Amino acid sequence: MIDKSTLDSPAMEVNPELCKGCQLCVGVCPKSVIAISGKLNSASYHPAYYIGENCTGCSLCYYACPEPGAIVVVKP
């Protein structure tokens, strides 16, 4: 879970157990900071994950995601 009190810039977080690896978030991210994991989650999907820095907090990934609660975007 992202600790908002320690953030300097926006960030996104994926709940790997809710993500079905549809890659919609990867396709809409203007900064290309989301990738698909090589590991499987408990439902045998390859979930998305946040690569690291440069998230703008635009929330396009959040709105593109069809799974409620799978993506959270946090702004400082």
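For what it's worth, my numbering labels the leading residue of the sequence shown as 158, then goes sequentially. In this text, a Cβ means the ideal position worked out from N, Cα and C, and glycines have one as well. A quick note: this is a predicted structure, and the numbers were derived from the prediction, not measured.
Quick one: does residue 226 have its CB under 8 Å from some CB of chain D? Judged by its chain identifiers, the structure shown contains no chain D, having just a single protein chain.
Based on Cα-Cα distance, which residue from 199, 192, 211 lies nearest to residue 205? For the purposes of this step, residue 205 is taken as the residue at position 48 of the sequence shown. The shortest C-alpha to C-alpha distance from residue 205 to any of 199, 192, 211 is the one to 192.
DSSP three-state call for residue 202: helix, strand or coil? Along the sequence shown, read from residue 1 onward, the residue named residue 202 stands at position 45. Here DSSP, grouped into helix, strand and coil, assigns residue 202 to coil.
Assess, as a yes-or-no matter, whether the segment 221 to 232 is touched by the segment 193 to 200 under the definition of 3 or more beta carbon pairs within less than 8 Å. With a cut-off of 8 Å on Cβ pairs, the segment 193 to 200 is not in contact with the segment 221 to 232, counting fewer than three such pairs.
Closest residue to residue 202 among 175, 167, 164 (Cα-Cα distance): As a working mapping, residue 202 is identified with position 45 in the sequence shown. When each option's Cα is compared against that of residue 202, the closest is 175.
Report yes if the CB atom of residue 234 is closer than 8 Å to the CB atom of residue 212, and no otherwise. Given a span of 158 to 233 for the chain in the structure shown, any question on residue 234 remains unanswerable.
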